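As structure tokens, the structure follows; a few thoughts come after it.
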Amino acid sequence: MTERLFFEDAYCREFSAMVTGRTRVGKSPGVILDRTAFYPTSGGQPNDLGTLNGVPVLDVVEGEGGEIVHLLAAEIEGSSVTGIIDWPRRFDHMQQHSGQHILSQCFERALNAATASFHLGLDFSTIDVSLAAFTEEKATDIETMANAIVFENRGIKAYFVDEARLPSLPLRKPPKVAGAIRIVEVDGFDFSPCGGTHCRAAGEIGLIKVRKWERRGDMFRIDFLCGNRALEDYRWKNSILNSLAAALSVKDRELGETVSRLLAEGRESQRQLGYLKEKLLDYEAAELDSQAPSLGGTRVVRQVFAERPSEEIRRLALRLTARPGRIALLGLTGEKAQLVFARSSDVSADMAELLRGSFAALEGRGGGTSSLAQGGGPRGDRLEAALDLAQAALAQALGAQR
2 MTERLFFEDA YCREFSAMVT GRTRVGKSPG VILDRTAFYP TSGGQPNDLG TLNGVPVLDV
62 VEGEGGEIVH LLAAEIEGSS VTGIIDWPRR FDHMQQHSGQ HILSQCFERA LNAATASFHL
122 GLDFSTIDVS LAAFTEEKAT DIETMANAIV FENRGIKAYF VDEARLPSLP LRKPPKVAGA
182 IRIVEVDGFD FSPCGGTHCR AAGEIGLIKV RKWERRGDMF RIDFLCGNRA LEDYRWKNSI
242 LNSLAAALSV KDRELGETVS RLLAEGRESQ RQLGYLKEKL LDYEAAELDS QAPSLGGTRV
302 VRQVFAERPS EEIRRLALRL TARPGRIALL GLTGEKAQLV FARSSDVSAD MAELLRGSFA
362 ALEGRGGGTS SLAQGGGPRG DRLEAALDLA QAALAQALGA QR
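Here the sequence shown is numbered in our numbering, starting from 2 and rising by one per residue.
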């Protein structure tokens, strides 16, 4: 079994060791050492990174026999190594993991909510807690309690106890292993079986901040940040807040109310704009109808539009054919050529059939019903030719009806 230096000293950044074994996982060579300060992935905490004899350590995993395997970017020679831990990564993990212990105990004490799982991610960490409901007010209470422990700078220590002593400790959760159990204690506040790396005092954790939460079945997933992560999160949010407040010429504390007001005004403007667009479509339909020629007693509107929403052209076609005795043959140019054909309910011409006949020119496809059909194709240069085909077929159909 590899001696775990991080159990005794989580602040150990450099160490020497002897190679006791070699292996390979996939394309990565690996070494087993007699002792190591590299923490392997376990208990929701990711592995450490760093170097062995200057070679990058890519991953650290625990073997079945208790040995720790260091997967490397390249082979290393010799039987002795010097290991250097990526300290910023290690300390970040210590802040998040120690903060999680305090946060989980706060959920226990304030809401009687047990932590079911913990995940320390690259950007944020989460705990899943058993809760029926969770609110902004409760989140504030939990944050206040957690940060009070930080501000008191309570000591954090780790020690091993035998199973006989466990009943005398107010453990937040039972251990998952037997034998000697490693306990991480936040002085007088939290006692938890844990093999992770932790700060020596709560003050080193820094700010504990609950970012957001979401329901997951009968639990809530709590997203939180500690220490440097919380500081970085505050920095970018504060930068955005100040920029937006300056752009809107308001104080930062007025930004929420200002944005809500602007959104409401925007929704009202959109509503009014939609109303006016519909009125304009009414006027446009009336003008096109007044200029449309008659074909076999049916007024036919043929028109090509450029760079307009296809849905708007469809609504225009429906307006044109709302009155009896009308047919609309509308084309639209843009990224591709599009056609919208429609007829009044008293006209018997088949719009879907007309559309299919026009696709020979556009190399397109589409579909619809006998009263409304639409589609498109890549040959925008053949749009007028497609409409010519449709109009010719329509003339024949209307002539046959007479």
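No residue lacks a Cβ here, since even glycine has one placed at the ideal position from N, Cα and C.
None of the values given here were measured: they were computed from a predicted structure.
Beta carbon of residue i nearer than 8 Å to that of residue j
i	j	result
Arg371	Asp351	Here residue 371 is Ser; the residue named in the question, Arg, does not match the sequence. Yes.
Arg327	Ser345	yes
Ile209	Ile103	yes
Ile86	Phe39	yes
Thr136	Phe7	no
Leu226	Arg212	yes
Ile182	Ser99	no
Leu245	Arg303	no
Arg309	Leu282	no
Gly27	Glu68	no
Arg155	Ala203	yes
Gln106	Asp191	yes
Gly378	Ala338	yes
Ala353	Ala329	no
Ser147	Val185	For clarity, residue 147 is Ala in the given sequence; the question names Ser instead. No.
Thr37	Arg5	yes
Residue i versus residue j - alpha carbon distance
i	j	result
Asp253	Leu264	17 Å
Arg403	Thr299	Caution is warranted here: a pLDDT of 43 is assigned to Arg403, below 50, making its placement in the model unreliable, and the coordinate value is therefore given only provisionally. Cα to Cα, the separation comes out at about 11 Å.
Ile150	Asp60	34 Å
Leu355	Ala391	6 Å
Val32	Val70	6 Å
Gln41	Gly196	The sequence shown places Pro at residue 41, rather than the Gln named in the question. Whole-angstrom Cα-Cα distance: 10 Å.
Met19	Leu242	53 Å
Val301	Ser295	6 Å
Arg324	Tyr276	21 Å
Thr24	Gly64	11 Å
Ser359	Ala393	10 Å
Glu79	Cys200	Just to set this straight, residue 79 is Gly in the shown sequence, not Glu. Their backbone Cα atoms lie some 34 Å apart in a straight line.
Glu266	Val260	10 Å
Leu232	Ile206	11 Å
Lys445	Ser349	Not covered by the structure: residue 445. The range shown for the chain is 2 to 403.
Ser240	Phe221	30 Å
Leu363	Thr322	24 Å
Leu289	Gln397	23 Å
Ala133	Ala307	55 Å
Asp163	Asp188	20 Å
Asp142	Gly257	22 Å
Ser81	Val178	32 Å
Glu255	Lys238	15 Å
Gln96	Gly66	29 Å
Leu399	Lys278	33 Å
Gln1	Ser29	Any property of residue 1 remains undetermined from this structure, which presents the chain solely from 2 to 403.
Ala293	Leu395	15 Å
Ser250	Glu269	22 Å
Leu138	Glu144	Looking at the sequence shown, residue 138 is not Leu but Glu. Whole-angstrom Cα-Cα distance: 10 Å.
Phe108	Leu72	37 Å
Ala286	Ala343	13 Å
Glu9	Arg262	57 Å
Ile314	Arg272	20 Å
Arg166	Gly180	11 Å
Arg434	Val58	Shown here, the chain extends from 2 to 403; a query on residue 434 therefore has no answer.
Ser311	Trp214	40 Å
Arg316	Ala361	25 Å
Gly297	Arg357	22 Å
Arg216	Ser126	16 Å
Integer-rounded CB distance, given that residue j should sit under 8 Å from residue i
i	j	result
Asn229	Asp124	So it is not a contact: roughly 12 Å between Cβ atoms.
Leu340	Gly376	6 Å
Thr3	Leu34	6 Å
Ala75	Val56	5 Å
Asp219	Ser131	7 Å
Cutoff 8 Å: residue i Cβ touching any chain C Cβ
i	result
Ala246	The structure shown contains no chain C, having only a single protein chain.
Whole alpha helix (DSSP H) runs in the region 45-120 with 4 or more residues, listed along the chain? For the region 45-120, the continuous alpha helix (DSSP H) assignments of 4+ residues that do not extend past its boundaries occur at 88-112, in sequence order.
Taking one C-beta from the region 163-181 and one from the region 103-117 each time, how about it: are there three or more such pairs within less than 8 Å? With the cut-off at 8 Å, the region 163-181 and the region 103-117 touch.
Hey, is the region 377-389 in contact with the region 327-343, meaning 3+ C-beta pairs nearer than 8 Å? Because the criterion of three Cβ pairs below 8 Å is met, the region 377-389 and the region 327-343 touch.
So does the region 10-26 actually touch the region 41-50, counting three or more Cβ pairs closer than 8 Å? With the cut-off at 8 Å, the region 10-26 and the region 41-50 do not touch.
Mind pulling the beta strand (DSSP E) runs of 3 or more residues that sit fully within the region 230-275? Counting whole runs of 3 or more residues, the region 230-275 contains no beta strand (DSSP E) stretch at all.
Considering only residues of the region 199-230, which uninterrupted beta strand (DSSP E) runs meet the minimum length of 3 residues and lie entirely inside it, listed in chain order? Those beta strand (DSSP E) runs which fall completely within the region 199-230 and span 3+ residues are 209-217 and 220-227.
Can you list, in chain order, the stretches of the beta strand (DSSP E) that have 3 or more residues and sit fully within the region 314-402? With a minimum length of 3 residues, the continuous beta strand (DSSP E) runs that stay inside the region 314-402 are 327-334, 338-344, 366-369 and 373-378.
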